[in-house]
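Chains A and B supply the protein sequences, listed in that same order. Per this note's numbering, the first sequence starts with residue 1, numbered consecutively. Per this note's numbering, the second sequence starts with residue 1001, numbered consecutively. Here the structure comes first, spelled out in structure tokens, and everything after it is commentary.
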Amino acid sequence: MFVEAALTAATAAPTSPAGSGEDSATRPGLAHRLRGAAPPYLYLLPALACLVLWTYKPLVEAAQLSVYHWNLLPTSPKTYVGLANFQRVLQLPQLRGAALNTLWYVLGLLPFSIVLPTVIALVTRRLGERSRTAYRAMVFVPMLVAPVATAAVWRWLYDPSGLFNRLFGLGDHNWLREESTALPAVLAICAWQMLGFAVLVVSAGLSGISPDYAEAAEMDGASRWQILRWITLPLLRPTLLFMLLMTVLLSGQWTFPLIDVLTQGGPADSTTNVYYLLWEFGFRSMDSGLASAAGLVFFGCFGLLAAGLVKLADRFSFHDD
Amino acid sequence: MKLLYTKGGRVAGIRIEGLTRQFGSVHAVEDISMEIADGDFLVLLGPSGCGKTTLLRMIAGLIEPTAGRVLLGDTDITYAPARDRDLAMVFQSYALYPHLTVERNIGFPLRAARLPKREIAERVREVAGQLELTALLGRRPKELSGGQRQRVALGRALVRKPQAFLMDEPLSNLDAKLRTATRTELSALHHRLRSTFVYVTHDQVEAMTMATRVALLNGGRLEQIGTPTEVYDNPASVFVAGFLGSPPMNLLSARISERAGRLRAAATDLEIPLWAGSDAARDVTVGLRPEHLRVVRDAEGSPAPADTAAPADTAAPADTAAPADTAAPADTAAPADSTARADSTAPAGSAERARLRGVVTGVENLGGEEVAWCEIGGQPVALRGPRPVGLSRGDAVTLTVDLDQVHLFDRTSGRRLAWQPTADKPSPQHTPSTQRLPQRPAAAAV
Ligand SMILES: Nc1ncnc2c1ncn2[C@@H]1O[C@H](COP(=O)(O)OP(=O)(O)OP(=O)(O)O)[C@@H](O)[C@H]1O
Ligand SMILES: [Mg+2]
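If you want it as structure tokens, here you go:
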């Protein structure tokens, strides 16, 4: 008679059923398990607390304020007005101009947040360790200077008797007081300020691409230009999309301190953007309801934009592993 | 595309002359010269960090040498850019373009060469068919398994029929089974294409099975180049001997001396009678392949116990009966012939046989074979044979080996020693000893 061979050579009977009762006995108590699981969350707590305190709470409060009429004075009463504030926002005569200016700021910054940084990062890629550190420090310094200080220095440069007019022999052109040049003038400062940051981000993105790909492409007979077009730039796409997202969402905030110090939105609202408009309603006109409603509208619009861009980034991101 | 170096569609081969590359003070590759004939499957073999990748990348044109030349056919390509060399490379990481589909990855070299779209599609489909990738053409690299990625990388190299294929450990990311299968496929591919392959690996099995020639590198230097059989059977140096084989060749320190007109190599518990002749005493390293060692059995067939005159398990140096553990050649107390009588079943001519006495320290089961680890005069020695070898831990054993399977290396230089009979002596041409030690000079091994 054939007998199937046992799995192990030793044919001893299974050991005593000690395992059956052990399960519940060794299972740790709820409190004990909680204590074991807690530490990671405790580490997150400070950051979460800040996020709630500075972002989510104001957001909720803005939503509340947007349906009231209130002039920010603790003594005066809040009156409920429903969606009237939103209606006022959309009918504001200044909104169109501010939104358009915001768009100009975004479009004007894109060359300096994407195109130029990519070129600089590509050109300086082969620099030695030392010279790279030096040039990075140089392009990054503007980012570290406080925007208000930057604005002060640039105002002096833009002055009718300032360096620019003397340098280019433009007479006494008043850059910040002319409707035609005020916005580009503010834009130029902002671009100068953020270029270093953008170069750094793009350089980091570039160095994150394994050199294997370019080498493989070279072995495959591709020219430098082909490698750039078919390999390097496509692989850099996630980084560039990130910079696009940053520019679209944050250009309003980057230009805000410059506008505030240099032009206060003028002349004739030619340099104002949506954030500056919002701030004016809230803290100049003390119309908190209108400001909150405007804030929520902008929040919604930028949220949609961001969602679209993130979706785009996901589609074009390639994780090389 | 400008294929600068094509000569009537075929190239004569790759020649390397004194190639050197330093990284700062590190000599990654040092003065390597070799000839890679057209159609060769040359494997660059060596331990990690020996400079294989650096050498391959210099051939590829991805790094420039500090000194030396690379020639493709008659053309000096030392400083030609990689894109003009028409060599295909398979990277260890495969370097598949992550944003392109399999189809576009494979077609990339053709696209770079600006071939018409239709022709590209055609050739990609052809290569994909050969490599069984047709169903995967639409996928991106991250949606592929390791083995499939490896095939795509191979396809990208194959698609444009290059002058030579360069491969840097292409199988190291595959599991053992897939590696074996791919090895066979690569060999078949080489056979079919008859093109030149330069293949980097640290795996000696890959080298032995696929190569037509093996180049062994050590510390940036070329130790030996030859067919797998040559490098295995006639290792040019202690390094090669100790690198190839599993377990590798046993290397034992011994001293050569002359007694009564015959040379012999001896150490503690080790006695190898060599050939008639005379030479100055010298320190050598004796090399013995584990599979060439045999256990000397007594009449009953059990391992002959080490005879009482020379208890093998005593490593005590003061034991007068054991062969001198000192390098001194004279050991009159334990003549080899007295121990030779113990093995009645050993083949004839036992007085002429090498003799190692020791203790078994462990036995490893490899499935079909067993490896017995012994200690001979304080030096570890492995013996490999079909299972069972009939030894167990603690056994005292006497081992023997045919004289034509004894390798001798100079102790200081590590180079192989070959015996050249001097003219004034009657030539020992037909003694087994000269046949086993090839007459070609040691320098034949580069
Ligand atoms: N770019 C580099 N800079 C400095 N040293 C390097 C560089 N590339 C290689 N080396 C050194 O050169 C030596 C040879 O390196 P190489 O990569 O050729 O080894 P290898 O034989 O391919 O090793 P492995 O089997 O681990 O891949 C090593 O000592 C390594 O540290
Ligand atoms: Mg390597």
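Ideal placement from N, C-alpha and C gives every residue a C-beta, glycine not left out. Predicted model, so just to flag it, every value in this text is computed and none were measured.
- If the five residues before and after V106 of chain A are omitted, its C-beta is found closer than 7 Å to the C-beta atoms of T247, V248, S251, all from its own chain and listed in chain order.
- In this structure Y1094 of chain B is buried. Its beta-carbon is surrounded by 16 or more other beta-carbon atoms within 10 angstroms.
- Here L244 of chain A is not near L305 of chain A, since their CB atoms are 8 Å or more apart.
- Near chain A, meaning a CB-to-CB distance below 8 Å, no residue of the region 1219-1241 of chain B qualifies.
- Annotation for G29 of chain A indicates a beta carbon at 7 Å or more from all heavy atoms of ligand 1.
- For F1041 of chain B, not one C-beta of chain A is nearer than 8 Å to its own C-beta.
- Taking 8 Å as the CB threshold, M1089 of chain B lines the interface with chain A.
- Taking a cut-off of 8 Å for Cβ pairs, the region 1015-1026 of chain B and the region 1065-1080 of chain B touch, as three or more such pairs fall below it.
- Between E1370 of chain B and V1389 of chain B a beta carbon distance of about 5 Å is seen, short of the 8 Å cut, so the two are scored as contacting.
- Per the coordinates, the alpha-carbon of L1110 of chain B lies some 45 Å from the alpha-carbon of M143 of chain A.
- Remark: the C-beta of T1053 of chain B is in contact range of ligand 2, defined as less than 7 Å to any heavy atom.
- Of all alpha-carbon atoms in B:L1042, B:G1024, B:G1368, B:H1407, the one lying nearest the alpha-carbon of V1284 of chain B is that of B:H1407.
- The CB of R1156 of chain B comes closer than 9 Å to the CB of A216, D220 in chain A, given here in chain order.
- Assignment of beta-bridge partners to N1365 of chain B by DSSP yields B:E1370.
- Scanning chain B for C-beta atoms nearer than 9 Å to the C-beta of L235 of chain A yields Y1097, P1098, H1099, reported in chain order.
- A distance criterion of 7 Å places the beta-carbon of D212 of chain A beyond contact range of ligand 2, judged by its closest non-hydrogen atom.
- Taken in chain order, the complete alpha helix (DSSP H) segments of 4 residues or longer contained in the region 1137-1166 of chain B are 1146-1158.
- When beta bridges are read from the DSSP output, V1295 of chain B appears opposite B:L1399.
- Annotation: R1156 of chain B to T232 of chain A spans about 19 Å, alpha carbon to alpha carbon.
- For E1017 of chain B, the enclosing beta strand (DSSP E) covers residues 1013-1023.
- In this structure, the alpha-carbon of Q1150 of chain B lies about 31 Å from that of G1242 of chain B.
- With a cut-off of 7 Å, the C-beta of V1240 of chain B is classified as distant from ligand 1, since no heavy atom of the ligand falls inside that distance.
- If you draw a 10 Å sphere on the C-beta of N1234 of chain B, you find 16 or more other C-beta atoms in it, and that means buried.
- Taking a beta-carbon distance threshold of 8 Å, Q94 of chain A does not count as an interface residue toward chain B.
- Unbroken beta strand (DSSP E) stretches of 3 residues or longer found wholly inside the region 42-79 of chain A: none.
- The beta-carbon distance between T1066 of chain B and Q1130 of chain B, rounded to whole angstroms, is 40 Å. This is too long to meet the 8 Å contact definition.
- Scanning its chain for C-beta atoms nearer than 8 Å, with the 5 sequence neighbours on each side dropped, one finds around W104 of chain A the residues L183, L187, in chain order.
- Excluding residues up to 5 positions away in sequence, W1373, R1393 lie with their Cβ nearer than 6 Å to the Cβ of G1362 of chain B in the same chain.
- When only Cα atoms are considered, A151 of chain A and E61 of chain A end up about 32 Å apart.
- Look at S207 of chain A: its C-beta is not under 8 Å from any C-beta on chain B.
- The count of Cβ pairs closer than 8 Å, one atom from the region 116-132 of chain A and one from the region 202-209 of chain A, reaches three, so the stretches are in contact.
- In the DSSP annotation of this structure, the continuous segment of the alpha helix (DSSP H) that includes F140 of chain A starts and ends at 129-144.
- Here S288 of chain A is buried. Its C-beta has 16 or more other C-beta atoms within 10 Å.
- A straight line joining the alpha-carbon of H1027 of chain B with that of S1237 of chain B spans about 21 Å.
- Taking the Cβ of G1068 of chain B as the reference point, every heavy atom of ligand 1 lies at 7 Å or farther away.
- The Cβ atoms of G1287 of chain B and N1250 of chain B lie closer than 8 Å to each other.
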